[in-house]
Structures are given as structure tokens and as C-alpha cells.
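Using our numbering, the first residue of the sequence shown is number 7, and each one after it goes up by one. The beta carbon of each residue, even a glycine, is placed where N, CA and C say it ideally should be.
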Amino acid sequence: MLRECIAPFRGLSALDLGFHIIQDDDYGDTITDMANYALITIKKGEVIARQVEGEFKAQASPTSTWRWYAKNVAENKFQIKFPTTKKMGMVPGVSFKVEQWNHCDGAKAELATAWFRIFGIPSEKMTEKRACYVGSLVRIPLEVDKINLKRWEYVRVKIACKHITKVLAIVEGLLDMHFYDVTFQRKYLLKNRLILHGTLGQGQLTKKMRIIHP
Numbered sequence: 007m008l009r010e011c012i013a014p015f016r017g018l019s020a021l022d023l024g025f026h027i028i029q030d031d032d033y034g035d036t037i038t039d040m041a042n043y044a045l046i047t048i049k050k051g052e053v054i055a056r057q058v059e060g061e062f063k064a065q066a067s068p069t070s071t072w073r074w075y076a077k078n079v080a081e082n083k084f085q086i087k088f089p090t091t092k093k094m095g096m097v098p099g100v101s102f103k104v105e106q107w108n109h110c111d112g113a114k115a116e117l118a119t120a121w122f123r124i125f126g127i128p129s130e131k132m133t134e135k136r137a138c139y140v141g142s143l144v145r146i147p148l149e150v151d152k153i154n155l156k157r158w159e160y161v162r163v164k165i166a167c168k169h170i171t172k173v174l175a176i177v178e179g180l181l182d183m184h185f186y187d188v189t190f191q192r193k194y195l196l197k198n199r200l201i202l203h204g205t206l207g208q209g210q211l212t213k214k215m216r217i218i219h220p
């Protein structure tokens, strides 16, 4: 079981464009339990966790036996659990707001997503699964434009990226014992001008990395 709990790596480590993926698990009753948690953001002044706990304890009923516990999760931010919905209070010289707890608040950053045109896959070998394999050469494939899968000389794949602008224009991959160069192209508007990032001959990244995949 423990041998299976290894985070897979996606992207190109040599160019600092990859990352490890920690798989989701069954949270069970954790999600329900977290519904009563709130994020306390200090908007003015400075406090410690014990002061935050004391303020909510003071506003609770004198007969309440609830154990208020504030956990410092970031600068001027505390996580606290409510027995039920409570009104916001004030600490002398400090103001704060209460928000619903978000499990992503401690995250460093979020993956960006973009649609890429992928050229170079032979039309007779073009399938949704194969398009995902090719997309995984650079990042995480999320969705394939199945309606237009074989309509054009390219396939559109939505890919989750760490840095959208750093996706290589050309990546080499092995398919059925033959090497192919596949081109990744992103279309976007810049000051009302259509830009094709990854087009050959426009000075984009074109370093080849030999990657073997099924």
C-alpha cells in the first residue's frame, strides 16, 4: 500500500517546468467537519492566537463549554472552529473579518489552464487517449476537443500548466516505434492583436526533449 503512495511527476524537470502531483483521497467525514471552520483575517493591529480564542470565548455564553482553538495559518490569518454560527466580535485596537474556511488558503499558487493546438500527430493515429498522452508530455491534460478531433491538422487540448508561457513549442515523442515532433501552440489576444505563441520562426522555445510514452 505504501509503495503505491508515490506522487507522480509531470512536465520537464530539467527546465524547472514540472511538478509532483499529490493525489486526492477520500476525505470521509472531514469535509462535513470542516463546514464549521472559519478563516479569521486580522485587518488592523496585531494579535496572537490566544487573544483570538479569548475574544470568542468572552462572547460565548457563560455556561458554554466549547473549547475555542485558533490556529495561525498565515500572517494575520487564523483558522477557528465554531460550534454554530457566531457573530463577529472586536478585539481592542484590532478589527477582523470572518470568512468561510477554504482548504486552499495555505496554497502557494494555483495551476493555470489554457487550450493548446497540438500539431504533428498523424491523423490516422489521432484518438482522444493519444491526444492526452501527447499533452502529458508537457503538463496535465484536462480536456480534449472531441468534436473537432479529426477536423483539422491539429487537435485542441486543455492543459493545466505551472507556467503557461513556458510550454515548449516543440517536444519529441515516440509513437509506434517512430519519433515525431509535436508542436504546441497557444492562441490569445494581446491589445486586440491575435498572437500565436509557439509558432515556428517567431523565436519561441523550441528545445527538444526525448520522452518515451505508450
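Item, Value
"N82, DSSP secondary structure in three states", "coil"
"Assigned secondary structure, F190 (DSSP; H/G/I helix, E/B strand, else coil)", "strand"
"Residues sharing a beta bridge with F185, DSSP", "L180"
"Sub-8 Å separation of T119 and L148 beta-carbons", "yes"
"Cα-Cα separation, D182 to I127", "12 Å"
"Pairwise C-alpha distance: V79 and R162", "40 Å"
"For R145, three-class secondary structure by DSSP", "coil"
"Identity of the residue in W121, I165 and T189 nearest G176 by Cα", "The sequence shown places Ile at residue 176, rather than the Gly named in the question. Nearest C-alpha to I176: T189."
"Simplified DSSP state of V53, which is helix, strand or coil", "coil"
"Within 8 Å, strictly: CB atoms of R136 and I165", "no"
"Supposed close pair F84, A55 - CB separation, criterion 8 Å", "6 Å"
"Pick from E178, A76, E81 and P89 that is closest to K50, judged by C-alpha positions", "E81"
"Rounded straight-line distance, which links the Cα of F185 to that of Y160", "18 Å"
"Coarse secondary structure for F122, derived from DSSP in three states", "strand"
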